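A short worksheet on the structure shown next.
Numbering (this note's numbering), first residue to last: -18 to 470.
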């Protein structure tokens, strides 16, 4: 049982409510099942085969024993904190609400609803949006959005054909297609995770907040206030090793930490662009809350993810694994390697498997070749840091300066880049080029955008620098001595 002060800290009502959630199963019309902490990582505890066909007939609960039996999820390390400051805002969500929310009235005498009540959990639907929209279609859609949110959180009955990921996809698709509704969505989530008396509903609300922040940010006006709300619920000192035994306040703190990180990276000042939601991406956004991905993070974070499995490795496991897979599948004799795109579904399937430390059955060298380009491109911070970018393009054809830049890189960046150059040097050999039609120039053309990132916004500067980026990488392929990388993994 959670102590009262912790309940108060995470927004629970003072009374303790240990509810049950309504589930529909395939046999009976309705049944009640007790809440289980294992719902946190329900999809994570599925086998890879089930994950690929996960249809979610209803919002299922997996027994805690099945979670504890998983060898790949025995414990969860503290959430990975990037080099950037997670929460910088000092905004107050209540102040934002007082200044921007629409006036809601209630009762026979039509008294104004207080800001506190507006921002507190409700079992009822909203008959008008939180924000003062003028467009009638937006008013209607915002109320529908709130109903979908209630369905996801288990506070509203759902239709038999609805799934957890399907409802999340509907919510995120609305936010993606209509940016004007994003603030409404985030305010709804703040409302439904404040003074929520139902543990599972509260958990799902925070889960949905983290999922939404995977795809799009709030407006610049709301961001500092949302940051402040999230900061209130974070407690970095909390760390319980066994996920299946986490009390609710630890769950909320973890969701808040993940939400803070995602907001800092997709919001103002972040490097990550908004992305269009899909069913597969929704699944990944949810799973990665508890199983950090090897894609889209910094090199330091990726090394931290693999430290428990490969404590002595100096290079990212995913980098060496994909590189070796390209060679194993005869990539050195495949025409157009790194240039010809692979089947998107195969690439996404392999990406999901690698995030589970598995290498699926692949028969086409273009698949790992496309995925390794994606891995370099999705690094949160570029392989060559921004502060060295101008020097790279300014001296892109000078071998001595280009090599000296490499040796001035942070040690991890240097090792990863030198491994890549050594790998590309294999493909630049004349006998290999005869088969692949990919010489040093072509290799640099497809790989340079994955290693260097132009920070300019002027299209003319970007276009001119593209040529220089290619020249820089070509110079390294032709002149960098990578002999010291032999045997380094």
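Every residue, glycine too, gets a C-beta built ideally from N, C-alpha and C. The model shown is predicted, which means the values in this text are computed figures rather than measured ones.
In this chain, the alpha helix (DSSP H) harbouring residue 147 covers 145 to 158.
Assigned with DSSP and collapsed to three states, residue 86 falls in strand.
Annotated three-state conformation of residue 180 is helix, per DSSP.
For the pair residue 246 and residue 200, the CB atoms are not nearer than the 8 Å cut-off.
In the DSSP assignment, residue 206 falls within the alpha helix (DSSP H) that extends over 204 to 213. When beta bridges are read from the DSSP output, residue 93 appears opposite 86.
Each residue's CA atom was taken as its position, placing residue 139 and residue 132 some 6 Å apart. Where residue 388 is concerned, the enclosing alpha helix (DSSP H) starts and stops at 380 to 388. Looking only at 463, 381, 149, the smallest Cα-Cα distance to residue 263 is reached by 149. Around the Cβ of residue 444, a 10 Å sphere holds fewer than 16 other Cβ atoms; the residue is exposed. Classified as buried, residue 204 has 16 or more neighbouring CB atoms from the shown chains inside 10 Å of its CB. With contacts defined as CB atoms closer than 8 Å, residue 187 and residue 233 qualify as a contacting pair. Selection 208, 209, 365 evaluated against residue 392 yields 365 as nearest (Cα-Cα). Boundaries of the alpha helix (DSSP H) harbouring residue 287: 280 to 287, taken from the DSSP string. DSSP places residue 411 inside the alpha helix (DSSP H), whose first and last residues are 411 to 417.
Annotation for residue 255: no alpha helix (DSSP H) segment contains it, and DSSP assigns it neither H nor E. Listed in chain order, the alpha helix (DSSP H) runs fully inside the region 337 to 380 are 347 to 359, 370 to 375, counting runs of at least 4 residues. Ranked by Cα distance from residue 76, the first of 435, 372, 378, 209 is 209. Taking the CA atoms as reference points, residue 215 sits about 39 Å from residue 387. For residue 138, there is no enclosing alpha helix (DSSP H), since its DSSP letter is neither H nor E.
Assignment of residue 324 by DSSP, reduced to helix, strand and coil, places it in the coil class. Here DSSP, grouped into helix, strand and coil, assigns residue 263 to helix.
For the pair residue 92 and residue 109, the CB atoms are not nearer than the 8 Å cut-off. DSSP, reduced to helix, strand and coil, places residue 162 within a helical segment of the structure shown.
If you draw a straight line from the Cα of residue 341 to the Cα of residue 328, it comes to about 11 Å. The alpha-carbon separation between residue 141 and residue 169 amounts to approximately 24 Å.
Distance between residue 351 and residue 192, taken at the CA atoms: about 26 Å.
The residue among 416, 452, 439 with its C-alpha nearest the C-alpha of residue 377 is 452. Taking the Cα of residue 458 as reference, the smallest distance to any Cα among 106, 437, 468, 419 is reached at 419. If you compare the alpha carbons of 353, 290, 322, 115 with that of residue 332, the shortest gap goes to 353. Spatial neighbours of residue 432 in its own chain (CB-CB distance under 6 Å, excluding positions within 5 residues in sequence) are listed in chain order as 364, 365. With a cutoff of 8 Å on beta-carbon distance, residue 389 and residue 463 are scored as not near each other. Looking at the backbone, the Cα of residue 180 and that of residue 171 are separated by about 15 Å. Counted as a single uninterrupted DSSP element, the alpha helix (DSSP H) harbouring residue 421 occupies residues 421 to 432. Taking residue 454 as the centre and dropping the five residues before and after it, the same chain places the C-beta of 425, 428, 429, 432 closer than 7 Å to its C-beta, in chain order. The Cβ atoms of residue 112 and residue 81 lie closer than 8 Å to each other.
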